[in-house]
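Reviewing the structure listed below.
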Amino acid sequence: MSYDVYGVGNAIMDLQVQCSDDFLAENGIEKGIMTLTEPERQKTLLDSLSEHHVHHCSGGSAANTIVGIADMGGTTAYASKTGTDAFGQQYLDEFKALGIDSHVGSSNGDTGTCVVLITPDAQRSMLTHLGVSATLSESDICAESIGKAKYVYIEGYLFAGKSTKNAALKAIELAKQQDVKVALTISDPFLIDICRDDFQALLKDRSIYCFAMKMKPLH
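First residue of the sequence shown: 67, per this note's numbering; consecutive thereafter.
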């Protein structure tokens, strides 16, 4: 089977809940960005919002794009790590229902989660626990599947971790070897501060498509 897009990124179960700007301020949450955190912190915040509805949805920066492409009739595959817990099974079931191929088996541990706090202006502020997503490695990248794709889509968040960064670079290398186009999303402003050199080196290659929000300049 050939693919329109082969994605590489985190597998995150989103826990979406509406809140006020005051709630963000009271809990020291920086609005509009993603912050890495631990499950205990997430639980404390959700407990504070216990009277609010929490919507569960499989997510992740690159995953959302892959789902969108599948919804529009595109053929896709996604390389990510899920845990053997209920969230991991839900994640894989949702992707299977959309016809998205997954080439990475489940791992012992917790599936990544993200508390998505949505304020009345529709801005989202995220608290993310990566779980087993952080263990995605070069060995999880399928050269054969990349060779069957028109594009490889790389999630910028992967560059924040050593193992996941190596997985992203491996996917880019395999794509170039097989004349597959590469697209990179610089997923969040904080990545510019910690991954600037990596992104500058990659974007010297004018064949790589780059997607970015309004953020700090690379230079």
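Positions of the beta carbon are idealized from the N, C-alpha and C atoms, including for glycine.
Since the model is a prediction, treat every value here as computed from it, not as a measurement.
Checklist entry - Name the DSSP bridge partner or partners of E221? => result T251
Checklist entry - Apart from the five residues just before and just after L257, which ones in its own chain have a Cβ nearer than 8 Å to its Cβ? => result G222, Y223, F225, A226 and F265
Checklist entry - Pairing CB atoms from the stretch 140–149 with CB atoms from the stretch 170–180, are three or more of them under 8 Å? => result yes
Item to check | Whole runs of the alpha helix (DSSP H) within the stretch 99–162, excluding any shorter than 4 residues | outcome: 105–114 and 127–137
Checklist entry - Mapping DSSP to helix, strand and coil, what is K216? => result strand
Item to check | Of the residues I207, F161 and K97, the one placed nearest G126, counting alpha carbons only | outcome: Selection I207, F161 and K97 evaluated against G126 yields F161 as nearest (Cα-Cα).
Checklist entry - Of all the options S273, K231, V246 and D80, which has the alpha carbon lying nearest to the alpha carbon of D263? => result The shortest Cα separation from D263 among S273, K231, V246 and D80 belongs to K231.
Checklist entry - Measuring CB to CB, does T194 end up less than 8 Å from L112? => result no
Checklist entry - What are the start and end residues of the alpha helix (DSSP H) that includes S191? => result Run containing S191: none in the alpha helix (DSSP H); it sits in the beta strand (DSSP E), R190 to H195.
Next on the checklist: Distance check for V170 and S203, CA to CA, integer angstroms please.
Outcome noted: 10 Å
Checklist entry - Which two residues bound the contiguous alpha helix (DSSP H) that contains C261? => result F256 to L269
Checklist entry - In the DSSP assignment, what residue or residues form a beta bridge with S273? => result In DSSP, S273 forms no bridge with anything.
Checklist entry - Under the rule that 16 or more other beta-carbon atoms within 10 Å means buried, what is G94, buried or exposed? => result By the neighbour-count rule (16 or more Cβ atoms within 10 Å), G94 is not buried but exposed.
Checklist entry - Quick one: what does DSSP say H285 is sitting in, helix, strand or coil? => result Low confidence applies to H285: its pLDDT is 48, below 50, so where it sits in the model is not reliable, and the reading given next is rough at best. Coil at H285, not helix or strand.
Checklist entry - For the candidate residues K236, N76 and S114, whose alpha-carbon lies nearest to that of S168? => result N76
Checklist entry - In whole angstroms, what is the alpha-carbon distance linking E106 and D271? => result 41 Å
Next on the checklist: So, at 6 Å on beta carbons, what are the nonlocal neighbours of K214 in its own chain, with the 5 sequence-adjacent residues on each side left out?
Outcome noted: S68 and Y69
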